[in-house]
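Visitor: Protein chains in written order, with this note's numbering: chain A, 13 to 482; chain B, 74 to 213.
1. Cα-Cα, which of A:72, A:45, A:320 and A:463 is closest to residue 234 of chain A?
2. How about residue 94 of chain B: is its Cβ closer than 6 Å to a heavy atom in the ligand HEM?
3. Between the stretch 277–286 of chain A and the stretch 250–261 of chain A, do three or more beta carbon pairs fall short of 8 Å?
4. Using the beta-carbon of each residue, which ones in chain B are nearer than 8 Å to residue 373 of chain A?
5. Going along chain B in order, which residues have a C-beta closer than 7 Å to the C-beta of residue 378 of chain A?
6. Below 8 Å on the Cβ atoms is my contact criterion, and I expect residue 57 of chain A with residue 42 of chain A to pass it. Report the Cβ-Cβ distance as a whole number of Å.
7. With a Cβ-Cβ cutoff of 7 Å, do residue 394 of chain A and residue 403 of chain A count as a contact?
8. Who are residue 162 of chain B's beta bridge partners in DSSP?
9. Tell me the rounded alpha-carbon separation between residue 205 of chain B and residue 196 of chain B.
10. Flag this pair as yes or no: are the beta carbons of residue 243 of chain A and residue 343 of chain A separated by less than 7 Å?
11. Bridge partners of residue 304 of chain A, per DSSP?
12. Relative to the C-alpha of residue 39 of chain A, which residue among A:161, A:379, A:63 and A:155 is closest?
13. Count the other CB atoms within 10 Å of the CB of residue 165 of chain A; is the residue buried (16 or more) or exposed (fewer)?
14. Name the residue from A:109, A:194 and A:167 whose alpha carbon lies nearest to the alpha carbon of residue 247 of chain A.
15. Using three-state DSSP, classify residue 144 of chain B as helix, strand or coil.
16. Measure from the C-beta of residue 13 of chain A to each C-beta in chain B and report whether the shortest distance is under 7 Å.
17. Have a look at the DSSP bridge pairing and note the partners of residue 80 of chain B.
18. If you reduce the DSSP assignment to three classes, tell me which class residue 256 of chain A lands in.
19. Which chain A residues are close to residue 181 of chain B, counting only those with a beta carbon under 7 Å from its beta carbon?
20. Using a Cβ-Cβ cut-off of 6 Å (strictly less than) and excluding sequence neighbours within five positions of residue 194 of chain B, which residues of its own chain qualify?
21. Check the Cβ-Cβ distances between residue 360 of chain A and every residue of chain B, and say whether any is below 7 Å.
22. Quick one: what does DSSP say residue 465 of chain A is sitting in, helix, strand or coil?
23. Contact defined as beta carbons within less than 8 Å: I believe residue 126 of chain A pairs with residue 262 of chain A. What is the distance between those atoms, to the nearest angstrom?
24. Pick out whichever of B:163, B:186, B:180 and B:149 has its Cα sitting closest to the Cα of residue 139 of chain B.
25. To the nearest angstrom, how far is the alpha carbon of residue 230 of chain A from that of residue 128 of chain A?
26. Any beta carbon of chain A sitting closer than 7 Å to that of residue 121 of chain B?
27. Using CA atoms only, rank isn't needed, just tell me which of B:123, B:117 and B:152 is closest to residue 131 of chain B.
28. Run through chain A and tell me which residues come within less than 8 Å of residue 118 of chain B, C-beta to C-beta.
29. Look at residue 94 of chain A and residue 114 of chain A and say whether their C-beta atoms are less than 7 Å apart.
30. Evaluate the contact criterion for the stretch 86–96 of chain B versus the stretch 379–392 of chain A: three or more CB pairs, one atom per stretch, below 8 Å.
31. Taking one C-beta from the stretch 200–208 of chain A and one from the stretch 172–188 of chain A each time, how about it: are there three or more such pairs within less than 8 Å?
32. What residues from the stretch 93–104 of chain B come within 9 Å of chain A, judged by C-beta to C-beta, listed N to C?
33. Pop quiz: residue 81 of chain B and residue 135 of chain B are said to be a contact at Cβ under 8 Å. What is the actual Cβ separation, rounded to whole angstroms?
34. Give the C-beta separation of residue 191 of chain B and residue 115 of chain B to the nearest angstrom, bearing in mind that I take them to be a contact with Cβ-Cβ under 8 Å.
35. Nearest by alpha-carbon distance to residue 357 of chain A: which of A:299, A:435, A:431 and A:177 is it?
36. Express the C-alpha separation of residue 103 of chain B and residue 113 of chain B in angstroms, rounding to a whole number.
Put into structure tokens, the structure is as follows:
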């Protein structure tokens, strides 16, 4: 198996993890367990949505991404700012203020992801027009959405729009132009994405829909944001004209922006992982009718709500609207971008049945029978004390061999009560009678040993954590 | 005997917001079993239509879903008014749903026809005034 297949950029900072159950309760794919007082992320279930980063009160969930110093690894670097970067700044009247600041910060050139987004919008309009009877199509720009569909909604894989994400298109065009301009080899040029979210970090390393991404490194908006501030000059006469995108491109940063670029009213735009799960369920059951396009963003409010951003997502959305108010609709057209060889996916996305219980149907059926009878033994409180998000998931973990029934504090308590009763029968009730027989004495001994063992296997784990990231 | 698995669900009457919960639960279980997405789709659609019908016409009922090696069998039992004319009820577009129900987008007269279309076997047992039991099978 390709070891990169389930790579993720959301990690645990073990020293900060207190072993509480906040993250396991918020994870939309039930990918986290708490064992021995520390959270563990299960690679194949994780879709990199970053919800645990937002829900962890101890900041023990972190995103890994590259430091800005990666620009020193290349002879020539091109910054690819996500349009959500612009929305971080107050009173921004002109995108060139940010783009010029990026050059002063040390990048050799910039290419806006929003410019590429307009090409993706154009390609999407054409594709949908040509494949109208296969509608509705699901947007494929959010890597977490693709990952979610890949593991949970096999019947919807064919509905994904097989078009590269704007950042990928931007990276390809930026590299081709930089090579043309400088005469350098491709590996001497660094294409650096300034990202609102960790899922793009994983995407750059292990993309879906294409074999290899053209993005070299991914840095975080929250790192770049303060560094740009001292370089921002608001005197327009001092700025080089670098911006090259219109309303459609910059609008992609907020939920509904991608749909707006399709010039169709028959769309649905949902944001926030819980909401998109519901939409995907309903799409799967064919309960939604008359749609040609379904835009899904894992983060609340769209990319402006990414975990690597600084500004409140809804304020950012308003700022974006203000910024593009007097911009033309679109400034980029496929015909003017011959550097872009292919805007479509080259690879198929394949279903990964990671939630399947057994390796065959028969085995799964037997395992599910066990899951059902185990679940019936549990109290159904979904308290999370066992480290699994629900009683049902604990049962699944047990059947998969990753947990035991005694991880349930209620099952354990019942076992202990049962053993205590047996000990009581043997000892207390015999007061005033003869001493224990050899056989009874052995039985008592075994009861006490079992009791000690059961208690030892469960308990509040020690809080002192060593190590930093897993 | 080969392994068989049965899930039972109680469907509340007159609560549209909850209709679909049972079919969604079955769908997730079938995915965990590794059932093909085509079969899952058929089961989910047929069962959802059945659930909606129970809410609209029969004030709820029970659904039991059995999974075996070769088929998913759904038995939907209610204590509703019964179906006076099955042939008519099976016609596309024929509906006896109330106006308020139709205004919610239900009652288009596609429920039973869709249940038949998406399953490999369907049997309706109905007694006026006592209730209806619909048995549907999707082969695996």
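Built from N, CA and C at the ideal position, the CB exists for glycine as well. The structure displayed is predicted, hence computed values, not measured ones.
Guide: Concretely, from the data shown:
1. Taking the first residue of the first chain as position 1, residue 234 of chain A is located at position 222. With distances taken between Cα atoms, residue 234 of chain A lies closest to A:320.
2. Absent from the structure shown: the ligand HEM. Ligands present: none.
3. The answer is no - the stretch 250–261 of chain A does not touch the stretch 277–286 of chain A, with fewer than three Cβ pairs under 8 Å.
4. One-based indexing of the first chain puts residue 373 of chain A at position 361. Those are 106, 107, 108, 142 and 213, listed as they occur along chain B.
5. Taking the first chain and counting its residues from 1, one reaches residue 378 of chain A at position 366. Under the 7 Å cutoff, chain B gives 76.
6. Here residue 57 of chain A refers to the residue found at position 45 of the first chain. Here residue 42 of chain A refers to the residue found at position 30 of the first chain. Between residue 42 of chain A and residue 57 of chain A the Cβ distance is about 7 Å, and since that is below 8 Å, they are a contact.
7. Numbered from 1 along the first chain, position 382 holds the residue referred to as residue 394 of chain A. Numbered from 1 along the first chain, position 391 holds the residue referred to as residue 403 of chain A. Yes, the pair counts as a contact, with Cβ atoms nearer than the cut-off.
8. On the second chain, residue 162 of chain B is found 89 positions in, with the first residue counted as 1. When beta bridges are read from the DSSP output, residue 162 of chain B appears opposite no residue.
9. Stepping through the second chain from its first residue, residue 205 of chain B is reached at position 132. Stepping through the second chain from its first residue, residue 196 of chain B is reached at position 123. Roughly 10 Å between the two C-alpha positions.
10. Here residue 243 of chain A refers to the residue found at position 231 of the first chain. Here residue 343 of chain A refers to the residue found at position 331 of the first chain. 7 Å or more divides the Cβ of residue 243 of chain A from the Cβ of residue 343 of chain A.
11. To locate residue 304 of chain A, count along the first chain from 1; it is residue 292. Looking at the DSSP output, residue 304 of chain A bridges to nothing.
12. For the purposes of this step, residue 39 of chain A is taken as residue 27 along the first chain, with counting starting at 1. Here the closest residue by C-alpha is A:63.
13. Within the first chain, numbered from 1, the residue matching residue 165 of chain A stands at position 153. Taking all protein chains in view, the Cβ of residue 165 of chain A is crowded by 16 or more other Cβ atoms within 10 Å, so the residue is classified as buried.
14. Start at 1 with the first residue of the first chain, and residue 247 of chain A comes out as number 235. Comparing Cα positions, the closest option is A:109.
15. Counting from 1 along the second chain, the entry for residue 144 of chain B is found at position 71. Reduced to three states, the DSSP call for residue 144 of chain B is strand.
16. Walking along the first chain from the start, residue 13 of chain A turns up at place 1. For residue 13 of chain A, the pLDDT reaches just 42, beneath the cut-off of 50, and the residue's location in the model is therefore unreliable, although a value from the coordinates is still provided. Not an interface residue.
17. For the purposes of this step, residue 80 of chain B is taken as residue 7 along the second chain, with counting starting at 1. Note: residue 80 of chain B sits in a beta bridge opposite B:138.
18. Looking up residue 256 of chain A in the first chain gives position 244. Residue state, collapsed to three classes: coil.
19. Here residue 181 of chain B refers to the residue found at position 108 when the second chain is read from its first residue. Here the premise fails: no neighbours, minimum Cβ distance about 10 Å.
20. Working through the second chain from its first residue, we reach residue 194 of chain B at position 121. Shown here for residue 194 of chain B: same chain residues with a beta carbon closer than 6 Å to its own, the five before and five after excluded, namely 210 in chain order.
21. Within the first chain, residue 360 of chain A is the residue found at index 348, counting from 1. Not one chain B Cβ lies under 7 Å of residue 360 of chain A.
22. On the first chain, residue 465 of chain A is found 453 positions in, with the first residue counted as 1. Shown here, residue 465 of chain A sits in a helix according to DSSP, grouped into three states.
23. Locating residue 126 of chain A in the first chain gives position 114, counting from the first residue. Locating residue 262 of chain A in the first chain gives position 250, counting from the first residue. That pair is a contact at about 5 Å.
24. Start at 1 with the first residue of the second chain, and residue 139 of chain B comes out as number 66. When each option's Cα is compared against that of residue 139 of chain B, the closest is B:149.
25. The residue labelled residue 230 of chain A in the question sits at position 218 within the first chain. The residue labelled residue 128 of chain A in the question sits at position 116 within the first chain. The alpha-carbon atoms of residue 230 of chain A and residue 128 of chain A are separated by roughly 17 Å.
26. Position 48 of the second chain, counted from the start, is the residue given in the question as residue 121 of chain B. Nearest CB-CB separation between residue 121 of chain B and chain A: below the 7 Å threshold.
27. What you label residue 131 of chain B is simply residue 58 of the second chain in a count that begins at 1. Nearest of B:123, B:117 and B:152 to residue 131 of chain B, Cα basis: B:152.
28. Locating residue 118 of chain B in the second chain gives position 45, where the first residue counts as 1. In chain order: 297 and 298.
29. Reading the first chain from its first residue, position 82 is the one you call residue 94 of chain A. Reading the first chain from its first residue, position 102 is the one you call residue 114 of chain A. Residue 114 of chain A is positioned such that its CB atom lies no closer than 7 Å to that of residue 94 of chain A.
30. Segments in contact, no.
31. With three or more CB-CB distances shorter than 8 Å, the stretch 200–208 of chain A counts as touching the stretch 172–188 of chain A.
32. Listed by position along the chain: 93, 96, 97, 100, 101, 102 and 104.
33. Looking up residue 81 of chain B in the second chain gives position 8. Looking up residue 135 of chain B in the second chain gives position 62. Yes, residue 81 of chain B and residue 135 of chain B are in contact; Cβ-Cβ is about 6 Å, under 8 Å.
34. Locating residue 191 of chain B in the second chain gives position 118, where the first residue counts as 1. Locating residue 115 of chain B in the second chain gives position 42, where the first residue counts as 1. That belief holds up - the Cβ atoms of residue 191 of chain B and residue 115 of chain B are roughly 4 Å apart, short of 8 Å.
35. The residue labelled residue 357 of chain A in the question sits at position 345 within the first chain. Closest in alpha carbon position to residue 357 of chain A, among A:299, A:435, A:431 and A:177, is A:177.
36. Working through the second chain from its first residue, we reach residue 113 of chain B at position 40. Working through the second chain from its first residue, we reach residue 103 of chain B at position 30. A straight line joining the alpha-carbon of residue 113 of chain B with that of residue 103 of chain B spans about 7 Å.
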